[in-house]
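Please read the structure below before turning to the comments.
Protein chains: 2
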Amino acid sequence: MSKIKKINHVAIVVENIEEALVFWRDQLGLPLDQIEDVPAQASKVAFLPVGEGEVELVQPTDLDTGLGKYLEKRGEGMHHLCIEVDDIDGVLADLKAKGVRLIDEIAQELPGRRMAFIHPKAANGVLVELYEIVD
Amino acid sequence: MSKIKKINHVAIVVENIEEALVFWRDQLGLPLDQIEDVPAQASKVAFLPVGEGEVELVQPTDLDTGLGKYLEKRGEGMHHLCIEVDDIDGVLADLKAKGVRLIDEIAQELPGRRMAFIHPKAANGVLVELYEIVD
Chain A
-10 MSKIKKINHV AIVVENIEEA LVFWRDQLGL PLDQIEDVPA QASKVAFLPV GEGEVELVQP
50 TDLDTGLGKY LEKRGEGMHH LCIEVDDIDG VLADLKAKGV RLIDEIAQEL PGRRMAFIHP
110 KAANGVLVEL YEIVD
Chain B
-10 MSKIKKINHV AIVVENIEEA LVFWRDQLGL PLDQIEDVPA QASKVAFLPV GEGEVELVQP
50 TDLDTGLGKY LEKRGEGMHH LCIEVDDIDG VLADLKAKGV RLIDEIAQEL PGRRMAFIHP
110 KAANGVLVEL YEIVD
């Protein structure tokens, strides 16, 4: 089994990042690393480091996407749990061999990371994201 | 502001811990530290370390409790996010002064830790637990 490294982040879907920062940054006191526009995923993301991981606030910028519909249906709250691994190809091959339902059978290549989602039906209702950090 | 240390754990409410371990331990490969009965909270908890934090699988043992009703209403999924701090009394006093809605205004004393919940209405739908680890 490929090595599990850490909880990379917990993503929270919010209506509005600036309003959400009132709690997470100003009241709770998490540092705000940066806010990024992610047009490819029709969202805006705020990164707030906590120990070796992060809380990510994700605001859909288009309500007609998976994330936008999720927000509309379920309201604000935790959206996914991202676990960082050493070898995402190995983990995905292993999960596939074990019959685990995957959203991405092959890792998506993004700047600085490779990622894939496991289907929440396979993981007790939790949308699990896998990350491998690459240089 | 009192120092935020890390994500201590992400708690996932499940119908049945043994069944949930098929994914989290056997398929994903997280190590299982232990399973604990917590009669005071009418639940059974499995602790699975991930880096400096943990995934906790929580099974209500009585459906007529807050957790049991949550499971019945929302189904399995992420239940709360626990952030570990250095000085929980300081954090709670600070949050209270800022008008943040708390479930526990005073930390509950448990073996090895002091804990309190922030109301999800104050935190974008996320039930946030605060921990201070004590010797």
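Top line first, the protein sequences correspond to chains A and B. One point on numbering: in this note's numbering, the residue at position 72 of the first sequence is 61, and numbering is uninterrupted. One point on numbering: in this note's numbering, the residue at position 23 of the second sequence is 12, and numbering is uninterrupted. Even glycine gets a Cβ: it sits at the ideal position worked out from N, Cα and C.
By alpha-carbon positions, which one of the options ends up nearest to residue i?
{"i": "A/Glu41", "options": "A/Lys(-5), A/Leu21, A/Asn5", "result": "A/Lys(-5)"}
{"i": "B/Ile77", "options": "B/Glu121, B/Ala9, B/Gly18, B/Asn(-3)", "result": "B/Glu121"}
{"i": "B/Leu70", "options": "B/Val27, B/Asp26, B/Pro109, B/Leu37", "result": "B/Pro109"}
{"i": "B/Ile24", "options": "B/Gly18, B/Asn5, B/Gln16", "result": "B/Asn5"}
{"i": "B/Lys87", "options": "A/Gln30, A/Phe12, A/Ala111, A/Arg90", "result": "A/Phe12"}
{"i": "A/Arg103", "options": "A/Pro38, A/Gln16, A/Arg14, A/Asp75", "result": "A/Asp75"}
{"i": "A/Arg14", "options": "B/Lys(-8), B/Ala31, B/Leu60", "result": "B/Lys(-8)"}
{"i": "A/Ala31", "options": "A/Leu119, A/Glu118, A/Lys58", "result": "A/Lys58"}
{"i": "B/Val39", "options": "B/Arg90, B/Val(-1), B/Ile92", "result": "B/Val(-1)"}
{"i": "A/Arg90", "options": "A/Gly101, A/Ala82, A/Ile107, A/Pro49", "result": "A/Ile107"}
{"i": "A/Pro49", "options": "A/Pro28, A/Leu17, A/Gln97", "result": "A/Pro28"}
{"i": "B/Val34", "options": "B/Glu61, B/Pro20, B/Ile1, B/Gly18", "result": "B/Ile1"}
{"i": "B/Glu73", "options": "B/Leu119, B/Leu99, B/Ala9", "result": "B/Leu119"}
{"i": "B/His68", "options": "B/Val44, B/Val80, B/Lys85, B/Gly79", "result": "B/Val44"}
Taking the DSSP output, what are the residues bridged to residue i?
{"i": "A/Ala105", "result": "A/Leu119"}
{"i": "A/Ile(-4)", "result": "A/Ile72"}
{"i": "B/Pro20", "result": "None; B/Pro20 has no bridge partner."}
{"i": "B/Lys138", "result": "A query on residue 138 of chain B cannot be resolved here, the shown segment of chain B reaching from -10 to 124 and no further."}
{"i": "B/Leu37", "result": "B/Val44"}
{"i": "A/Val2", "result": "A/Val47, A/Gly66"}
{"i": "A/Asp26", "result": "A/Lys33"}
{"i": "A/Glu98", "result": "A/Arg103"}
Output yes if chain A places a C-beta closer than 8 Å to the C-beta of residue i; else output no.
{"i": "B/Leu70", "result": "yes"}
{"i": "B/Ile6", "result": "no"}
{"i": "B/Ala111", "result": "yes"}
{"i": "B/Val115", "result": "yes"}
Between residue i and chain B, is the shortest Cβ-Cβ distance under 8 Å, so that the two count as touching?
{"i": "A/Glu118", "result": "no"}
{"i": "A/Glu121", "result": "no"}
Throw me the rounded Cβ distance for the residue i and residue j pair, which I believe falls under 8 Å.
{"i": "A/Gly64", "j": "B/Gly114", "result": "6 Å"}
{"i": "A/Ala96", "j": "A/Ala105", "result": "5 Å"}
{"i": "B/Leu19", "j": "B/Leu37", "result": "4 Å"}
{"i": "B/Val3", "j": "B/Leu52", "result": "13 Å between Cβ atoms; not a contact."}
{"i": "B/Glu94", "j": "B/Lys85", "result": "6 Å"}
Closer than 8 Å, CB to CB, is residue i near chain E or not?
{"i": "B/Leu70", "result": "Among the protein chains of the structure shown, namely A and B, there is no chain E."}
- Could you name the residues of the stretch 54 to 68 of chain A whose beta carbon sits closer than 7 Å to any beta carbon of chain B, in the order they occur along the chain? Near chain B, meaning a CB-to-CB distance below 7 Å, the residues of the stretch 54 to 68 of chain A are Gly64, Glu65, Gly66, Met67.
- Message: Taking beta-carbon pairs under 9 Å, can you tell me which members of the stretch 10 to 30 of chain A lie near chain B?
- Response: The residues in question are Phe12, Trp13, Asp15, Gln16, Leu17, Gly18, Leu19, Pro20.
- Select from the stretch 80 to 102 of chain B all residues with a C-beta closer than 7 Å to any C-beta belonging to chain A, and list them in chain order. For the stretch 80 to 102 of chain B, the set of residues with a beta-carbon nearer than 7 Å to any beta-carbon of chain A comprises Leu84, Lys87, Val89, in chain order.
- Task: Return the residues of the stretch 31 to 44 of chain B that lie within a Cβ-Cβ distance of less than 7 Å from chain A, sorted by chain order.
- Result: Per Cβ criterion, the list reads Val39, Gly40, Glu41, Gly42.
- Item | Members of the stretch -9 to 4 of chain B near chain A, C-beta cut-off 7 Å | Look at the stretch -9 to 4 of chain B: the residues with a C-beta under 7 Å from a C-beta of chain A are Ile(-7), Lys(-6), Lys(-5), Ile(-4), Val(-1), Ile1, Val3.
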